[in-house]
Every structure is written in C-alpha cells, then in structure tokens.
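Peer 1: The listed protein sequences derive, respectively, from chains A and B. The first sequence begins at 296 in the numbering used here and counts up one residue at a time. The second sequence begins at -9 in the numbering used here and counts up one residue at a time. Positions of the beta carbon are idealized from the N, C-alpha and C atoms, including for glycine. One structure, pasted below without further comment.
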Amino acid sequence: MLGRDALMLSLVVVMSAGCSRSAPAPIELPDPVGPPRFPVVIRKPLEAPKILTGSVDEKGNPISIGCATCHTTNPSNPEARLGTLLTKFHQSLRGQHGHLTCISCHNPDEGYASLRLADGKRLPYSEVMQLCAQCHGPQYRDYLHGAHGGMTGYWDLSRGGRERNNCVDCHHPHAPRYPTVMPARGPNDRFQTRGSHE
Amino acid sequence: MSEKKPFSLPVVGEVDRRTTLKAGAATLGLAAWAAALKPMVEWASSLDRDEFFQKHYRELTREQLQVILHKLTFEARKETGKPVTVKDHKPIPGVVFAYALNLSICIGCRKCAEACHVENNHDRPSNQSYIRVFEMQKGGIDFEKGNTTYDRPVPGKDKYYMPVQCQQCENPPCVSACPIEATWQESDGIVVVDYNWCIGCRYCEAACPYHARRFNWTKPEVPPDEVNPNQSYLSNRIRPQGVMEKCTFCLHRTREGRMPACLEACPTGARVFGNILDPDSEIRWVLENKRVFVLKEELGTKPRFYYFFDK
C-alpha cells in the first residue's frame, strides 16, 4: 500500500512541475500487495500514423506511406505550429492546441516516425499518454486514480478486469477540446410537467 | 410470525389483499409452505399473480425465494421469449458503495440516462430513466432551477450539467416515509424496493428531496427484443404496474463487482464509483482529494452520491 502511495506522491510532484521539467512518468501502477488482481488494460493507438497516397495497389487496397519517407530527407521546420496552416503539404491539417509547435510532440530526429518528450527522449506513438502527461500533470494524476478518462469493467479488480480509454480516444492531439454533441433523447415523464420550477 | 406492519392507508382493496394473504401463511408453517409451493413452479403459467401470494422479501427463506425467482423467471421468459434470468443479488460483506460525479467534465449528453433506460428495462413510451440531467446556469448550484428538457448541442455556452439520480442517502427520508417497509436500506447502502410488497401509495416519492423515485403508472412496456435478460429481484426485473421504483446503483451488476451501466456509458469519464470502505479505491481517492459536496446537505440526508468540480 505504502509503495503505491509514495509513488503517487512523487508522480504528482514531478508532473506539477510542468513541461519545463523532463520526467516521463510510468503509465502502469505497480500491483498493490493483496489478493490477485485482474489487469487494467489501457487502450493504445496502433503504430505510427501514415499518410494515404491516394493511389491503390493491384488488389485495390489504398497505398499509404510512413512519415519518414519524406521527412528523413527534408530538414525539419522547428517554427511550424498548430493554428498556422501549412501550404505545401498537410494543408488540411487544422489544429488548436495552445499554439504548440509541431516538434513539441513529433520527433524530427526520426523523420517524425516517433514522438518526442521535452527532454529529447524518443517515444513511440503507442505511448502517447506519456507525452500528454508531461504537460497535463493534474489530468494525468486524476486519470491514474480513475477520476478522469472513464473505464468499463469491474470496480472490484479481484473479480474482473477493466479497460480504459487512452487520452487520444477522447482528445485529438491536434485539437484536443472535447467535441460538442447532440444530447440523447430527453425524458418524457410527468416530472417535467410539474410546472416550470421557479 | 406476528403481523408487524401497520396498515393505515386509504388503499383499502390492496391492504385487504395483503392482510388476508399474510394471515393465511401464518397458519401454514414455513416448511409446509415451501413444500406446497414447489409444484407451483410447473403450474406457474396458469396462475394469476395475486394467487401466488408472497411474504416480504426479507422474511422469505432461501427456498421460498428460489420458488419466487423461478416463477418470475418463468413468467418473464414466457412473456418476452428471451432467456431472462431473475436472480437475487445479496450485498457483498465489507462493501459500502458511493458514487462521485465530476461536473467539470460532464457535458450533459444524457448517455447515462439512456444507458439506465436500457439496462433497467424502463418503460419505452415515457422514455423513463432513473437519471435526470439538469442543465444549469454557471454560477448557480440549485438543481431545482435547472432544465431537464434541453434539446440542442451540448455543452451550451455558460452552462454546466448535473445528472441527478438516487443519492442512496445514509438517512433516507423515503424509507421512513414508507408505511409498510416495502423499501429499505441494505448493508451496502443501496436503498431497494420490494415491488411485490409495495402498494404504490407514493409517500416515498413525495418524501425524496431529489425527485429520484419513479411510479409505474402503467406496466412498463419494453419490446421483447430490447429486454435486458440479466435481471434481479430488487432491481431491473420488469416492474408490475402501480409500484414505486428507483435507482439501485445497478445492484445486479455492482454486486457482481461490475460498474454501473451509467458509468460505463459515460463518454466523458465524469463518473467514479466504488467501495468507500476500501482505502485504495478510486472513490476514496476522490473523496479525499477533491472538494466534493452533496445536494441539499442541510436536510441531513447524508447522500452517498458526491459532486465535484476540478477547479
């Protein structure tokens, strides 16, 4: 028990120090001592994103290429940032995320085929949550305590496991604001006809 | 087997029925009663509900309860053509449930209310649900001033959203209001209703400061292919007409260790559920680390449903 709490504490401290500090936090909590527990699985994005070329192979499947195909040969532009449209390529890319530069997340050392933490450490796309965590300590801390990000499965881990969303399941990294949605159908019972409750 | 429930209600017909039936059972003796009922499972189809008299849930022996569960299962299968099972889920020792909801995260999409509707076999025409989502003006906190019938994209500008369901109070006014103990609080904090005992006087509905109880004006209509077959005696089995019902924290799920349906359905992750007796639980962390509050605290109902904002 103690081990877990101590870890939590150090996590909180490290992360509230913000983006300037470089301290990627581990995603998985160590198993607390006690009865056997079912796993908590955090969904992960598949491997690195790709770009569709628009053409298809002989079987009719769309052909896509990795980022590094273009970006290992071209020098990277450290000034490019979200909120300012690119003109030569990725023109459709729109974003709003605190005017971050592209390279605050994408790793120019690998032709953008990976992500990069503030301390320069490379990070595979599948571990994107550590990237979010370094700038959003409070939300990440809440997430680790089940108070952000939701879950399905068992509250009682001695009876069954859980599946958890990834940050990017709910927040697009380029435009993370949670979307506006149409609500499900409202109630149709007698309560609402009680009169407008002043 | 003495009669201990005061019957002082104006609903004469109903009370009459209960009293006579109960008196009848008293003369039988428990073992004989159970034995006499066994063959009835086979005849269940030909029996009228009223003929199949039953004691208060908490006075039933295991055998008696089994007979009743069989009968309810049988009836439900016959009615819906679905592999319904009506179980009895007992509280888990060492567990007291609590719920918390993050109002900074909730966007008012009503997915929780919708999931409740489906999970708990609610009446389709009235789109019934144990959850009402109040659209609130930022700054205000009185949910009575909120609006439940909003129907435009959410979250709206300067609005926040407050889903309200049974608060599973530690001091539940609804329980004290019931003249016949048809509703009570169980050891895990969940307040339940015995639908077969409730006479529909609606005193509890009036007593609840959170408007959390619902009355079945008609027998709930659920198309057979939409029925949730995983049912429990005290929760989501299809209710008879004329009885009260309420949120049970999905006891048919949560007493098996699972999350309530509303939590799983929440696309924003605003809901936190768990056992407050477990110091390592998520719910305990929230209670200890967020500035939580309860609705209408001044009434002394001591809800086990908490709300909080992130900042």
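Considering only residues of the same chain and omitting the five flanking positions on each side of R417/A, which have a CB-CB separation below 8 Å?
Peer 2: As a first step, residue 417/A must be located in the first sequence, where it is residue number 122. Within the same chain, R417/A has close Cβ partners N402, D404, E405, S409, L410, R411.
Peer 1: Does Y150/B come out as helix, strand or coil in the three-state DSSP assignment?
Peer 2: Position 160 of the second sequence, counting from 1, holds the residue named residue 150/B. Three-state result, Y150/B: strand.
Peer 1: Within the continuous beta strand (DSSP E) that includes I346/A, where are the two ends?
Peer 2: Position 51 of the first sequence, counted from the first residue, corresponds to residue 346/A. Run containing I346/A: 345 to 351, per the beta strand (DSSP E) assignment.
Peer 1: Could you round the C-beta distance between S359/A and L347/A to whole angstroms and report it? I think they count as a contact, below 8 Å.
Peer 2: In the first sequence, counting from the first residue as 1, residue 359/A sits at position 64. In the first sequence, counting from the first residue as 1, residue 347/A sits at position 52. Contact flag correct, Cβ pair sits at about 5 Å.
Peer 1: Can a CB atom of chain B be found closer than 7 Å to the CB of V476/A?
Peer 2: One-based indexing of the first sequence puts residue 476/A at position 181. Yes - at least one Cβ of chain B is within 7 Å of the one on V476/A.
Peer 1: Please list, in chain order, all residues of the same chain as T63/B whose beta carbon is under 7 Å from its beta carbon, the five residues on each side excluded.
Peer 2: Indexing the second sequence from 1 puts residue 63/B at position 73. Cβ within range, chain order: V74, T75, V76.
Peer 1: Tell me, please, whether the CB atom of T304/B is closer than 7 Å to any CB atom in chain A?
Peer 2: Outside the displayed range of chain B (-9 to 301) lies residue 304/B, so it cannot be described from this structure.
Peer 1: Please report the distance separating the alpha-carbon of A470/A from that of H385/A.
Peer 2: Locating residue 470/A in the first sequence gives position 175, where the first residue counts as 1. Locating residue 385/A in the first sequence gives position 90, where the first residue counts as 1. Roughly 15 Å separates the two Cα atoms.
Peer 1: Under the three-state reduction of DSSP, which class applies to L93/B: helix, strand or coil?
Peer 2: Indexing the second sequence from 1 puts residue 93/B at position 103. If DSSP states are grouped into helix, strand and coil, L93/B belongs with coil.
Peer 1: Where P482/A and A251/B are concerned, what is the direct C-alpha to C-alpha distance, given to the nearest angstrom?
Peer 2: Taking the first residue of the first sequence as position 1, residue 482/A is located at position 187. Taking the first residue of the second sequence as position 1, residue 251/B is located at position 261. Each residue's Cα considered, the two are about 18 Å apart.
Peer 1: For chain A, find out if any of its Cβ atoms is closer than 7 Å to the Cβ of N220/B; answer yes or no.
Peer 2: Here residue 220/B is taken as the residue at index 230 of the second sequence, counted from 1. No - not a single Cβ of chain A is within 7 Å of the one on N220/B.
Peer 1: Enumerated in chain order, which unbroken segments of the beta strand (DSSP E) with a length of 3 residues or greater are wholly contained in the region 145 to 219 of chain B?
Peer 2: Listed in chain order, they are 149 to 154, 173 to 175, 181 to 183.
Peer 1: Straight-line CA distance for K12/B to T173/B?
Peer 2: Residue mapping note: residue 12/B aligns to position 22 of the second sequence, counting from 1. Residue mapping note: residue 173/B aligns to position 183 of the second sequence, counting from 1. A caution first: K12/B carries a pLDDT of 39, below 50, which makes its placement in the model unreliable, though a value can still be read off. Distance between the alpha carbons of K12/B and T173/B: 18 Å.
Peer 1: Within 7 Å of any Cβ in chain A, is that where the Cβ of P143/B sits?
Peer 2: As a first step, residue 143/B must be located in the second sequence, where it is residue number 153. Output row for P143/B: interface = yes.
Peer 1: Does M249/B come within less than 7 Å of chain A when only Cβ atoms are used?
Peer 2: Mapped onto the second sequence, residue 249/B falls at position 259. Yes, because at least one Cβ of chain A sits closer than 7 Å to the Cβ of M249/B.
Peer 1: To which residues of the same chain is Y47/B closer than 6 Å at the C-beta, ignoring the five residues directly before and after it?
Peer 2: Mapped onto the second sequence, residue 47/B falls at position 57. Cβ within range, chain order: D184.
Peer 1: Can you tell me where the alpha helix (DSSP H) holding E272/B begins and where it ends?
Peer 2: By 1-based counting over the second sequence, the position of residue 272/B is 282. Looking at the DSSP string, the run of the alpha helix (DSSP H) that includes E272/B is 272 to 279.
Peer 1: Which runs of the alpha helix (DSSP H) at least 4 residues long sit entirely within the region 58 to 135 of chain B? Give them in chain order.
Peer 2: DSSP runs (the alpha helix (DSSP H)) wholly in the region 58 to 135 of chain B: 101 to 109.
Peer 1: Here's the rule I'm using: 16 or more other beta-carbon atoms within 10 Å means buried, otherwise exposed. How should W33/B be labelled?
Peer 2: Within the second sequence, residue 33/B is the residue found at index 43, counting from 1. A caution first: W33/B carries a pLDDT of 44, below 50, which makes its placement in the model unreliable, though a value can still be read off. It counts as exposed.
Peer 1: Is it buried or exposed for M446/A, if we count other Cβ within 10 angstroms and need 16 for buried?
Peer 2: The residue given as residue 446/A occupies position 151 in the first sequence. Buried, since its Cβ has 16 or more Cβ neighbours within 10 Å.
Peer 1: What residues from chain B crowd round Y449/A, counting only those whose CB sits closer than 9 Å?
Peer 2: Within the first sequence, residue 449/A is the residue found at index 154, counting from 1. What Y449/A touches in chain B: E246, G247, R248, M249.
Peer 1: Is the CB of G441/A under 7 Å away from at least one CB in chain B?
Peer 2: Translated into positions along the first sequence, residue 441/A becomes position 146. Yes, contact with chain B.
Peer 1: Of all the options C96/B, N110/B, I189/B, which has the alpha carbon lying nearest to the alpha carbon of G232/B?
Peer 2: Position 242 of the second sequence, counted from the start, is the residue given in the question as residue 232/B. Measuring from the Cα of G232/B, the nearest candidate turns out to be I189/B.
Peer 1: Does the beta carbon of C240/B sit closer than 7 Å to a beta carbon anywhere in chain A?
Peer 2: Reading the second sequence from its first residue, position 250 is the one you call residue 240/B. False, the Cβ-Cβ gap to chain A never drops below 7 Å.
Peer 1: Could you list the residues in the region 64 to 82 of chain B with a C-beta less than 7 Å from some C-beta on chain A, going in chain order?
Peer 2: Listed by position along the chain: nothing, the set is empty.
Peer 1: What is the C-beta distance between V282/B and N111/B, in whole angstroms, given that I count them as a contact (C-beta under 8 Å)?
Peer 2: Within the second sequence, the letter at position 292 stands for residue 282/B. Within the second sequence, the letter at position 121 stands for residue 111/B. No, V282/B and N111/B are not in contact; Cβ-Cβ is about 31 Å, not under 8 Å.
Peer 1: Buried or exposed, going by whether 16 or more other CB atoms sit within 10 Å of the CB of A196/B?
Peer 2: For this step, residue 196/B is matched to residue 206 along the second sequence. Under this definition A196/B is an exposed residue.
Peer 1: Taking one C-beta from the region 123 to 132 of chain B and one from the region 156 to 173 of chain B each time, how about it: are there three or more such pairs within less than 8 Å?
Peer 2: With a cut-off of 8 Å, the region 156 to 173 of chain B and the region 123 to 132 of chain B do not count as touching, because too few Cβ pairs lie within range.
Peer 1: Relative to the alpha-carbon of P344/A, which residue among T396/A, Y420/A, R480/A, H431/A has its alpha-carbon at the smallest distance?
Peer 2: Stepping through the first sequence from its first residue, residue 344/A is reached at position 49. When only C-alpha atoms are compared, the closest one is Y420/A.
Peer 1: Going by DSSP in three states, H401/A sits in which element: helix, strand or coil?
Peer 2: What you label residue 401/A is simply residue 106 of the first sequence in a count that begins at 1. DSSP places H401/A in strand when its eight states are reduced to three.
Peer 1: Quick test of the definition: if touching needs 3 or more C-beta pairs under 8 Å, does the region 90 to 107 of chain B touch the region 254 to 263 of chain B?
Peer 2: Yes, the region 90 to 107 of chain B is in contact with the region 254 to 263 of chain B.
Peer 1: Looking only at its chain, what residues have a beta carbon closer than 7 Å to the beta carbon of R376/A, apart from the 5 residues adjacent to it on each side?
Peer 2: As a working note, residue 376/A is residue 81 in the first sequence. The answer, listed in chain order, is H394, L395, T396, C397.
Peer 1: Is Q429/A near A413/A, with beta carbons less than 7 Å apart?
Peer 2: Taking the first sequence and counting its residues from 1, one reaches residue 429/A at position 134. Taking the first sequence and counting its residues from 1, one reaches residue 413/A at position 118. Result yes, Cβ atoms of Q429/A and A413/A sit closer than 7 Å.
Peer 1: Under 7 Å, Cβ to Cβ, is there at least one residue of chain B near A479/A?
Peer 2: Mapped onto the first sequence, residue 479/A falls at position 184. Closer than 7 Å to some Cβ of chain B, the Cβ of A479/A qualifies, so yes.
Peer 1: Can you tell which of H79/B, A66/B, C96/B, V57/B has the C-alpha that lies nearest to the C-alpha of R243/B?
Peer 2: Taking the first residue of the second sequence as 1, we reach residue 243/B at position 253. Considering only alpha carbons, the answer is H79/B.
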